[in-house]
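Asks: This is the structure I want to talk about, given as structure tokens.
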């Protein structure tokens, strides 16, 4: 059910130094749905989010958000487009010199002229949604990792954005926090009608909430489809990833010379 | 041979590129009308780089003035010219020592802290998330620090001079017994406000710009790892010290070297 | 954002201290005075040699500072130094026409300044007049030369 894609990625190419990271990636993110981008570590999923958010510029290809080409916008237009986007960073990225309350209030203060009382109400609403209304006086250094990520989520949705980008929301969380975050992402998506892009390699959690899944590896889209159709996909790389097999088409070993050769050190290497 | 020339050319390109980036960075972050919020952020940075650096700068100034008076006295007394002590202390402080030593202390105390702070903000993705919220970190994070450094260092330099002159007075007049009147009058007859105090201030403004610029740029441009932050902090202190000393020579040559 | 009064006060005091410090450097260290230009009048004096006299050197009378040197130029007609003096207005019209101006040195190696000593002429110097009677700076080499030649003559 792909109606009017909100984000379109067309034939994206990107390389860092001599290393090609994306080689013709294309995807369509439907409006109001949770789209997951999955793949093994080191395939540049975070880079893809940065390309979508306009922080990096691709070598070729386009990213369209609501019909606007992100990388053709002026700096000013890009910043105003970003007001309609929220991003949840892997580390939370809370401003360490501001309290929890001020962190959530930050986007409201810089982008709106709302009176103090209204900002307070809005911030408390967002904090209530993530269950941390009681923690508003704490500083980011006093929060646990899971709490920091929930505060960051509250901040990401402070301006009621149209699009929220989640960068590895489940990584390094205990099962309880993971469950909480899964519930939050799902609930917020339904309640606010957000379009969500979740980048993750946590298969179970991601598949349980995603409406549509893209699997990327080796710089291209390996498979895409709904979570149900993904399991039965024939591609060996995808099935290795989904089933979590240690070795297969995605090799366990980093490219290296022949083991026997290396261990006998026939070439006199260090 | 060809390979070496190629490498030389490439490193030349790298240096030029870094300079260009730093220049663009300075232009983007320093130009623009400050907002109310910006004024407050500036105030906070003034507190951090200015007020909190005051103690170390003033104490150093006092000691340097005292040492100058002591050393100057032992030399001048050989010529029977200890009346010129005030002149010697004031001129060496105003023209050279205050701007240079205050800038070096500032680079160590405030510059390295600025680099580490901005670097850590970058490493923890605070700058990126600010950008994603739609706030330009150049305006919000870098600009207040840049302007605070630019204003704070000249003020610190003035403080350094004042305390240094007083330190010279303590040692020269109170301890070594130079006649008080000649301490001040030799100073007043030889120090010219525009040529000495003014040029010292110009030096200080130049150093302030260069040191703060290096500090914030190193912080903004570093590799966001713990090693990257420690390297960038070291680079801030090394580059700003070298830049201050080198620019001091150039400025002295232009101001006092008789090229006018 | 929480505003801290003590911090604002701290920065305010810091800036104020900077301004006061600059004032100290201006008044106490470089000896600037807030005298209105009307309070002075100008005299000129030609010297054959001014030694190391500089603009802003003191002009004294019986050891009391009564003015400053404002400009030193070369008089291309006579090839000597024309020194412009700025003196306190209270001396205007009270210095006799035969006042002597000499370039003196404070101490053996100290700065050079101009000493004025009055004569007995009934006519007085006015603004812009030239002091006729001047004594040049004592140049150490000339002094030694005179001393040596007088020794030889004895």
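Protein chains in written order, with the numbering used here: chain W, 1 to 270; chain S, 1 to 260; chain B, 1 to 154. Ideal Cβ positions, reconstructed from N, Cα and C, are used throughout, including at glycine.
1. Figure out for me which residue from S:183, S:144 and S:54 has the closest Cα to the Cα of residue 209 of chain S.
2. Please list, in chain order, the chain S residues whose beta carbon lies closer than 7 Å to that of residue 87 of chain W.
3. By the 10 Å Cβ neighbour count, where 16 or more other Cβ atoms means buried, how is residue 165 of chain W classified, buried or exposed?
4. Does residue 53 of chain W have its Cβ less than 8 Å from a Cβ in chain S?
5. Comparing alpha-carbon positions, which option in B:139, B:117, B:101 and B:89 lies nearest residue 41 of chain B?
6. Can you tell me the Cα-Cα spacing of residue 68 of chain B and residue 99 of chain B, whole angstroms?
7. Please classify residue 50 of chain B: does DSSP put it in a helix, a strand, or coil?
8. Are the C-beta of residue 260 of chain S and some C-beta of chain B separated by less than 8 Å?
9. From the DSSP output, which residues share a beta bridge with residue 113 of chain B?
10. Under DSSP, the beta strand (DSSP E) around residue 222 of chain W begins and ends at which residues?
11. Report the neighbours of residue 111 of chain W on chain S: residues whose CB is nearer than 7 Å to its CB, in chain order.
12. Please name the residue in S:111, S:5, S:59 and S:51 whose C-alpha comes closest to that of residue 218 of chain S.
13. Spatial neighbours of residue 178 of chain W within its chain, please: C-beta separation below 8 Å, excluding the five flanking residues on both sides.
14. From the DSSP output, in three-state form, read off residue 2 of chain W for me.
15. Could you check which residue in S:151, S:75, S:51 and S:206 has the C-alpha nearest to that of residue 8 of chain B?
16. Do you know how far the Cα of residue 153 of chain W is from the Cα of residue 187 of chain W?
17. Determine, for residue 80 of chain W, whether the minimum Cβ-Cβ distance to residues of chain S falls below 8 Å.
18. Using DSSP bridges, identify the partner residues of residue 86 of chain W.
19. Does any residue of chain S have a CB that is nearer than 8 Å to the CB of residue 91 of chain W?
20. If you measure from the beta carbon of residue 29 of chain B to each beta carbon in chain S, is any gap under 8 Å?
21. Indicate whether the contact test is met: 3 or more Cβ pairs, each with one atom in the region 5–14 of chain S and one in the region 66–86 of chain S, closer than 8 Å.
22. Would you identify the three-state DSSP class for residue 193 of chain W, choosing helix, strand or coil?
23. Using a C-beta cutoff of 8 Å, does residue 126 of chain S count as contacting chain W?
24. Along chain S, in chain order, which residues have C-beta atoms closer than 8 Å to that of residue 86 of chain B?
25. Taking Cβ positions, are residue 225 of chain S and residue 123 of chain S nearer each other than 8 Å?
26. Suppose the cutoff is 6 Å on Cβ atoms and the five residues either side in sequence are ignored; what does the same chain contact list for residue 190 of chain S look like?
27. Would the beta-carbon of residue 44 of chain W be found less than 7 Å away from any heavy atom of the ligand FMN?
28. Should the region 144–162 of chain S be called in touch with the region 20–28 of chain B, which here means at least 3 C-beta pairs below 8 Å?
29. Residue 48 of chain S: buried (16+ other C-beta within 10 angstroms of its C-beta) or exposed?
30. Can you round the beta-carbon distance between residue 146 of chain S and residue 240 of chain S to whole angstroms, since I take them to be within the 8 Å contact cut?
31. Spatial neighbours of residue 66 of chain B within its chain, please: CB distance less than 8 Å, with the 5 preceding and 5 following residues excluded, ordered by chain position.
32. Under the assumption that residue 197 of chain W contacts residue 29 of chain W (Cβ atoms under 8 Å), give the Cβ distance between them as a whole number of angstroms.
33. Specify the secondary structure class of residue 119 of chain W as computed by DSSP and reduced to three states.
34. With which residues is residue 41 of chain B paired in a DSSP beta bridge?
35. Residues of chain S with a CB under 8 Å from the CB of residue 11 of chain B: which are they?
Replies: With the structure as the only source:
1. S:144
2. 129 and 132
3. buried
4. yes
5. B:89
6. 17 Å
7. coil
8. At residue 260 of chain S the pLDDT is 48, less than 50, meaning the model places this residue with poor confidence; the figure from the coordinates comes in the next sentence. Chain B contact via Cβ: absent.
9. B:104
10. 220–225
11. 134
12. S:111
13. 170, 202 and 205
14. A caution first: residue 2 of chain W carries a pLDDT of 46, below 50, which makes its placement in the model unreliable, though a value can still be read off. Note: residue 2 of chain W maps to coil in three-state DSSP.
15. S:51
16. 12 Å
17. yes
18. W:164
19. yes
20. yes
21. no
22. coil
23. yes
24. Those within 8 Å of residue 86 of chain B in chain S number zero; the least Cβ separation is about 15 Å.
25. yes
26. 87
27. Ligands in the displayed structure: none, and consequently the ligand FMN is not present.
28. yes
29. buried
30. With a Cβ gap of about 14 Å, residue 146 of chain S and residue 240 of chain S do not count as contacting.
31. 59, 60, 87, 88, 91 and 116
32. 6 Å
33. helix
34. B:87
35. 43, 46, 47, 50 and 51
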